[in-house]
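Peer 1: Going by this note's numbering, the sequence shown runs without a break in its numbering and finishes at 190.
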Amino acid sequence: MSLEQLIEHCKKNDTKAQSQLYKLYSSKLFSLCLKYSRNYVEAEDNLQDAFVTIFNKISQYKSKGSLEGWMKRITINTALQRYRSVGVFDIVNEEQIEDVSVEIDEDAVTIDFLLSIIQELPDRYRLVFNLYALDGYSHKEIAEMLNISTGTSKSNLARARLILKEKIEQYKASINSQTL
Numbered sequence: 011m012s013l014e015q016l017i018e019h020c021k022k023n024d025t026k027a028q029s030q031l032y033k034l035y036s037s038k039l040f041s042l043c044l045k046y047s048r049n050y051v052e053a054e055d056n057l058q059d060a061f062v063t064i065f066n067k068i069s070q071y072k073s074k075g076s077l078e079g080w081m082k083r084i085t086i087n088t089a090l091q092r093y094r095s096v097g098v099f100d101i102v103n104e105e106q107i108e109d110v111s112v113e114i115d116e117d118a119v120t121i122d123f124l125l126s127i128i129q130e131l132p133d134r135y136r137l138v139f140n141l142y143a144l145d146g147y148s149h150k151e152i153a154e155m156l157n158i159s160t161g162t163s164k165s166n167l168a169r170a171r172l173i174l175k176e177k178i179e180q181y182k183a184s185i186n187s188q189t190l
């Protein structure tokens with residue numbers, strides 16, 4: 011069955027087609043959920059909620075752009091929805107923002123370590139960091155998605171980078187002390 015046929019069957023609430031669509035995209039979307047979740051269980055919940063929304067709104071998909079891109083947007087919005095209602099974002103003065111860059115020595119840290127320290131970030135920092143650094147959204151887009159100011163987005167990104175930089179430096183120091 012082609013992707014177009016699969017979509018049409020999903021629009022008719024065909025459970026076999028929905029199952030097939032889930033099998034095709036669940037691993038990619040779960041990886042996305044992990045980036046925006048505190049832990050594995052929350053990521054599973056976000057994936058489940060995202061697919062419920064995808065199946066409920068698939069009739070709105072008009073084949074403009076990729077289905078995967080459309081599904082990713084729903085998945086990100088589903089994960090972010092958990093945080094919008096809780097109010098995890100601080101309002102900040104933009105003049106207080108200090109840009110922090112994080113240089114990563116790819117030989118010194120593993121991707122698993124990086125993912126784990128990103129997941130450990132406080133919600134407001136992790137969400138902004140992922141949206142900006144990993145998914146390429148602008149501060150203006152992030153502000154709109156999270157209902158915050160662009161200054162808050164910039165501040166949270168700077169703070170996330172600072173925390174990550176400190177954790178990477180601590181990790182490298184612990185590795186160097188073990189090799190001595």
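Quick reminder that beta carbons are idealized off the backbone N, C-alpha and C, glycines included. All figures in this text were calculated on a predicted structure; none of them were measured in a lab.
#1: For Y147, name the three-state secondary structure that DSSP assigns.
#2: Quick test of the definition: if touching needs 3 or more C-beta pairs under 8 Å, does the stretch 131-147 touch the stretch 158-167?
#3: Could you check if F61 is buried or exposed, using at least 16 other CB atoms within 10 Å of its CB as the buried criterion?
#4: Of the residues I128, V119, L44, which one's Cα is nearest the Cα of I182?
#5: Express the C-alpha separation of Q28 and H149 in angstroms, rounding to a whole number.
#6: Are the CB atoms of I173 and Y147 within a distance shorter than 9 Å?
#7: Can you tell me whether N56 is buried or exposed, with buried defined as 16 or more other CB within 10 angstroms of its CB?
#8: Is the separation between the beta-carbon of L16 and that of L31 shorter than 9 Å?
#9: One question on the structure: do E54 and F40 come within less than 9 Å of each other, judged by their Cβ atoms?
#10: Going by alpha carbons, who is nearest to A143 out of L156, G75, M155, I128?
#11: Output yes or no for whether 9 Å exceeds the beta carbon distance between E130 and K177.
Peer 2: Short version:
#1: coil
#2: yes
#3: buried
#4: Sequence check: residue 182 is Lys here, not Ile. Minimum Cα distance to K182 is reached at V119.
#5: 35 Å
#6: no
#7: buried
#8: yes
#9: yes
#10: I128
#11: yes
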